[in-house]
Amino acid sequence: MSYKAKKLTKLERHRLIGTGYDEFWAFKGRYRVVKGSRASKKSKTAALWFIHHMMLYPDANLLAVRRTYNTLRNSCYAELKWAIERLGVSENWKTKLSPLELSYSEGGKIFFRGMGDAMRLTSIAADRGKLCWVWLEEAFEIEREDDFNILDESIRGKVDKKLFKQLTLTFNPWSERHWLKKRFFNVPNITDTDCTDNNIFALTTNYTMNEFLDKSDLQLFERMRIDNPKRFKVAGLGEWGVADGLIYNNWEVCDFSVENLTRSGKCRSAFGLDFGYTNDPTAFVAMLVDSSERVLYVFDEMYGYGLSNREIYEKLTSMGYRKERIFADSAEPKSIDELYGLGLTGIRKARKGADSINHGIQFIQSYKIKILPQCEHFLKEISEYLWQKSRIILPSSTAKRLNTPASGYDHLMDAMRYSLTEIVGGERWGFC
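Take any residue in the sequence shown, note its place counting from 1, add 3, and you have its number in this note's numbering.
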């Protein structure tokens, strides 16, 4: 009997991947989600599952996805090639580097794509069989649930009775505030460890599930447990964590009345705009500032990709901010002039000053920040806004922190600084 037609017995599977992943291996529902620590063998187990099952089901095709395409070669592609070698079936697979592709000689293909243009994922078509499986590696990199929804929609249409449609997500649990937790772990009948319903299998893994670690590997985690228990919780046990090195710890989510605060006469408004387009979002924040009590009240936001200046104008107008004094990124003078010409006559440049970013951060750190719960993008950014090289999952817990914010979760954070241009230091300061 050829390998492609042979189902593995439990004993054969354990010899191949070890224990701890039996339910993962057997589950055929829509979403198979695995969060875990480093060295928990989640990615290698997923890679072995895909190669084995593509040979078992020759009409199946797989789409391997990460946020950016250029990270795939050293992650998903490398793991799948390792799985091919591990199974001893190299003669059955053809590799291609430009573009990345793996082809089974008697069946389907493995396609590799980045999420940079999520809409293109829906147009992938297989030469043979159906695109029925997706592997989203490092799923935490996908900041917007809407992008995941587009990916989800790419797996559609009828498949052969022997096949099934499934999305597999693997990731390290950087923050409990990520949409992944609410979507796949905070649902009825699913605990924060592992569980199954008809549609979702959610599993938490850790290094103790990896029988292939040697003594020195285990000693590394033991040292981490003793020396840095906070990091061990996430990087060792795979539990949800809060990033170490957060820039702002002075915030809370709460309800407040914008109308009552405005009527009190103690607050002044502050509006900031950071420009983006394809890879970065355009971000707008609306706040009230109580200088006497030193409180910032964040009450509204606008966050979107691919927005033209006219669309920005239309959105801000529909939100009621056309006449407000909005401070925008001074690196985009052309956009500022165009928005002014369209009718956003209160827009101004956020002026730069010496060490303006850190000066603005220090000012904001001296305030309490209260955020309405509907400002979801702002909440996500502020909970992930870190100093460079300070994430809790870094290989070294003693990695030096740079006096510069890490990029990525900074668009609304920049907009917040811009909005305070006049409040902090009049015309001398701006925060770009």
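Backbone N, C-alpha and C fix where the C-beta goes; we use that ideal spot for every residue, glycine too. Computed from a prediction, not measured in an experiment: that's the story for all the values here.
Would you call K13 buried or exposed, if buried means 16 or more other Cβ atoms sit within 10 Å of its Cβ?
As a working note, residue 13 is residue 10 in the sequence shown. Residue burial annotation: K13 is exposed, with fewer than 16 other C-beta atoms found within 10 angstroms of its C-beta.
Measuring alpha carbon to alpha carbon, tell me which residue in L154, G132, F259 and T171 is nearest K3.
Residue 3 is absent from the model: the chain starts at 4 and stops at 435.
Does the beta-carbon of F235 have 16 or more other beta-carbons within 10 angstroms, so that it is buried, or is it exposed?
The residue given as residue 235 occupies position 232 in the sequence shown. Per the 10 Å Cβ criterion, buried.
Is the beta carbon of F274 sitting closer than 8 Å to the one on R328?
Along the sequence shown, one-based indexing puts residue 274 at 271. Along the sequence shown, one-based indexing puts residue 328 at 325. Yes, they are a contact pair.
Pull the bridge partners of G117 from the DSSP assignment, please.
Along the sequence shown, read from residue 1 onward, the residue named residue 117 stands at position 114. For G117, which the question treats as bridged, DSSP gives the partners R69.
Which residue comes first and which comes last in the alpha helix (DSSP H) that contains Y80?
Position 77 of the sequence shown holds residue 80. Taken as a continuous stretch (DSSP letters only), the alpha helix (DSSP H) holding Y80 covers C79 to L90.
Could you check the C-alpha separation between D195 and N189 for me, to the nearest Å?
In the sequence shown, counting from the first residue as 1, residue 195 sits at position 192. In the sequence shown, counting from the first residue as 1, residue 189 sits at position 186. Caution is warranted here: a pLDDT of 45 is assigned to D195, below 50, making its placement in the model unreliable, and the coordinate value is therefore given only provisionally. Approximately 8 Å between the Cα atoms of the pair.
Skipping 5 residues on each side, what residues in its chain have a beta carbon closer than 7 Å to that of G239?
Indexing the sequence shown from 1 puts residue 239 at position 236. Cβ within range, chain order: S40, N209, Y210, F224, M227 and R228.
Report the rounded CA-to-CA distance for G323 versus L154, giving the unit in angstroms.
In the sequence shown, the residue the question calls residue 323 occupies position 320. In the sequence shown, the residue the question calls residue 154 occupies position 151. About 33 Å.
Would you check if the segment 56-63 and the segment 127-144 touch, i.e. whether three or more CB-CB distances between them fall below 8 Å?
Contact between the segment 127-144 and the segment 56-63 is present, because at least three Cβ pairs lie under 8 Å.
Pairs of beta-carbons, one from the segment 364-383 and one from the segment 254-274, closer than 8 Å: are there three or more?
yes
How far does the beta strand (DSSP E) with R354 in it extend, from its first residue to its last?
Counted from its first residue, the sequence shown places residue 354 at position 351. Run containing R354: none; DSSP gives neither H nor E here.
Quick test of your reading: M305 and I367, contact by CB under 8 Å. State the CB separation rounded to the nearest angstrom.
Here residue 305 corresponds to residue number 302 of the sequence shown, with the count starting at 1. Here residue 367 corresponds to residue number 364 of the sequence shown, with the count starting at 1. Actually they are not in contact, since the Cβ atoms of M305 and I367 sit about 20 Å apart, beyond 8 Å.
Taking 8 Å as the cut-off, decide whether the C-beta atoms of D303 and A289 are in contact.
On the sequence shown, residue 303 is found 300 positions in, with the first residue counted as 1. On the sequence shown, residue 289 is found 286 positions in, with the first residue counted as 1. A contact, by the Cβ cut-off of 8 Å.
Quick check on the burial criterion: 16 or more other C-beta atoms within 10 angstroms. Buried or exposed for A334?
The residue labelled residue 334 in the question sits at position 331 within the sequence shown. A334 should be labelled exposed.
Confirm, please, whether the CB-CB distance from V68 to L206 is below 8 Å.
Within the sequence shown, the letter at position 203 stands for residue 206. Within the sequence shown, the letter at position 65 stands for residue 68. No, Cβ-Cβ distance for L206 and V68 is not below 8 Å.
If you compare alpha carbons, which of T407, K383 and P408 is closest to E144?
Locating residue 144 in the sequence shown gives position 141, where the first residue counts as 1. Of the listed residues, the one whose Cα sits closest to E144 is K383.
Among Y72, S93 and K31, which has the Cα closest to the Cα of I54?
Stepping through the sequence shown from its first residue, residue 54 is reached at position 51. The shortest Cα separation from I54 among Y72, S93 and K31 belongs to S93.
Name the residue from N95, D25, V292 and W177 whose alpha carbon lies nearest to the alpha carbon of T265.
Sequence index remark: in the sequence shown, residue 265 carries index 262 (1-based). Taking only the C-alpha atoms, the option nearest T265 is V292.
Among the residues of its own chain, which have a CB less than 6 Å from the CB of K44, if the five just before and after it don't count?
Your numbering for residue 44 matches position 41 in the sequence shown. Closer than 6 Å at Cβ, skipping near neighbours: N213.
Give the DSSP-derived three-state secondary structure of W28 in the structure shown.
The residue given as residue 28 occupies position 25 in the sequence shown. Helix, per DSSP.
Excluding the 5 residues preceding and the 5 following E109 in the sequence, name in chain order all residues of the same chain whose CB lies nearer than 6 Å to its CB.
Locating residue 109 in the sequence shown gives position 106, where the first residue counts as 1. Excluding sequence neighbours, E109 sits near P61.
Taking the C-alpha atoms as reference points, what is the distance between E242 and P176?
Taking the sequence shown and counting its residues from 1, one reaches residue 242 at position 239. Taking the sequence shown and counting its residues from 1, one reaches residue 176 at position 173. Rounded to whole angstroms, E242 to P176 spans 7 Å at the Cα level.
List the residues that DSSP assigns as beta-bridge partners of Y107.
Start at 1 with the first residue of the sequence shown, and residue 107 comes out as number 104. Paired residue(s): W96.
What number of angstroms, rounded off, separates the C-alpha of S311 from the C-alpha of A50?
As a first step, residue 311 is located in the sequence shown; it is residue number 308 there, counting from the start. As a first step, residue 50 is located in the sequence shown; it is residue number 47 there, counting from the start. Taking the straight line joining both Cα atoms gives about 40 Å.
For M57, which residues from the same chain have a beta carbon less than 7 Å from its beta carbon, with the 5 sequence-adjacent residues on both sides left out?
One-based indexing of the sequence shown puts residue 57 at position 54. Excluding positions up to five away in sequence, the list reads A63, L65, Y107, G110 and G111.
Kindly give me the distance between the Cβ atoms of Y388 and D413, rounded to whole angstroms, as I take these residues to be in contact under 8 Å.
Locating residue 388 in the sequence shown gives position 385, counting from the first residue. Locating residue 413 in the sequence shown gives position 410, counting from the first residue. Indeed, because the Cβ distance is near 6 Å, the residues count as touching under 8 Å.
Can you grab the Cα-Cα spacing for the pair R325 / I350, in whole Å?
Walking along the sequence shown from the start, residue 325 turns up at place 322. Walking along the sequence shown from the start, residue 350 turns up at place 347. Going from the Cα of R325 to the Cα of I350 covers about 9 Å.
So F115 and C79 are supposed to be a Cβ contact under 8 Å. How far apart are they, rounded?
Here residue 115 is taken as the residue at index 112 of the sequence shown, counted from 1. Here residue 79 is taken as the residue at index 76 of the sequence shown, counted from 1. Correct: roughly 7 Å between the Cβ atoms.
With DSSP as the reference, please indicate the residues paired to Y300 in a beta bridge.
For the purposes of this step, residue 300 is identified with residue 297 of the sequence shown, where counting begins at 1. DSSP, once it has assigned bridges, lists L291 and K373 as partnering Y300.
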